[in-house]
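Numbered by the numbering used here, the letters in the sequence shown go through residues 130 to 342 in order. Cβ coordinates follow ideal geometry from the N, Cα and C atoms, glycine included. Scroll down for the structure; my scribbles are underneath it.
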Amino acid sequence: MSSLKDIRTDYTKGIITSDDLAACPADQLSKWINEADKAGLSDPNAFCLSTLNKDGFPNGRIVLARRIDSEGLVFYTNKNSAKGVEIESLAKAGATFFWAHLQRQVRLNGEVSHLSDEESDRYFASRPRSSQIGAWASSQSESMASREELESKQAKFESKFKSLSVVPRPPHWGGYIISIEEVEFWQGRASRLHDRVKYIKSSEGWSKRLLQP
Ligand SMILES: Cc1cc2nc3c(=O)[nH]c(=O)nc-3n(C[C@H](O)[C@H](O)[C@H](O)COP(=O)(O)O)c2cc1C
Numbered sequence: 130m131s132s133l134k135d136i137r138t139d140y141t142k143g144i145i146t147s148d149d150l151a152a153c154p155a156d157q158l159s160k161w162i163n164e165a166d167k168a169g170l171s172d173p174n175a176f177c178l179s180t181l182n183k184d185g186f187p188n189g190r191i192v193l194a195r196r197i198d199s200e201g202l203v204f205y206t207n208k209n210s211a212k213g214v215e216i217e218s219l220a221k222a223g224a225t226f227f228w229a230h231l232q233r234q235v236r237l238n239g240e241v242s243h244l245s246d247e248e249s250d251r252y253f254a255s256r257p258r259s260s261q262i263g264a265w266a267s268s269q270s271e272s273m274a275s276r277e278e279l280e281s282k283q284a285k286f287e288s289k290f291k292s293l294s295v296v297p298r299p300p301h302w303g304g305y306i307i308s309i310e311e312v313e314f315w316q317g318r319a320s321r322l323h324d325r326v327k328y329i330k331s332s333e334g335w336s337k338r339l340l341q342p
């Protein structure tokens, strides 16, 4: 194992300029996720979701983006989880994507709102049955005495829904959408002189600005 101070990567895989990037940042983000997917990266739609807790400390954790368009960035979770409680108390969040292999990063922030019940229902219905049962079994972010406690809840819900062909969506589980207010695209470059392009939102739409690395 190398010493941490000796680990170095040369960032030479790409270049971005303002003109290369799409006019709409949601389109550009979708394009980069597609490119990460095509490059065979696992979880190309994973991002670090940052929220603030009641003491003002930021909390980050990885979640999966399930829809990205001009309305914003959608993810699904248990709304009673730590992140759900934090969003209910302050409806703002950050999202940070990193694709190490492509030497790219995107970060954005925005206001968070609830997705419609219809869209959450549709997405929940598309999940594997085992994940649907898992959503009922796990009181996400709460402590438990043992793994067996969780597995016995899993068995309980499997038996509860055995006769139903469709598992209903738990009322505490669903989607949030983060509007895109600020967003920055980063491409690693040689000599740590990376490319950074920030999108600025105004009443006329989006404009772009270069940032120093
Ligand atoms: C690759 C990956 C994808 C994940 N996707 C989700 C997700 O879409 N939704 C979710 O609630 N948790 C997801 N998780 C688990 C979260 O990182 C986190 O552990 C969980 O949501 C509890 O976070 P909280 O206690 O801060 O609310 C994922 C974790 C990883 C590593």
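Query, Result
"Just list the residues that DSSP pairs residue 282 with in beta bridges.", "Paired residues: none, contrary to the question."
"So, helix, strand or coil for residue 231, using DSSP?", "helix"
"Can we count residue 206 as close to ligand 1, meaning its CB is less than 8 angstroms from some heavy atom?", "yes"
"So the candidates are 162, 226 and 199; which of them puts its Cα closest to the Cα of residue 189?", "226"
"Can you name the start and end residues of the alpha helix (DSSP H) that residue 263 belongs to?", "258-266"
"Give me the Cβ distance between residue 224 and residue 178, rounded to the nearest whole Å; I'm assuming they're in contact under 8 angstroms.", "6 angstroms"
"Pick helix, strand or coil for residue 173, following the three-state DSSP scheme.", "coil"
"Mind checking which residues open and close the alpha helix (DSSP H) that includes residue 313?", "Segment 311-316 is the beta strand (DSSP E) holding residue 313; no alpha helix (DSSP H) there."
"In this structure, what does DSSP give as the bridge partners for residue 205?", "304"
"What residue from 342, 337 and 241 has the CA that sits closest to residue 148's CA?", "337"
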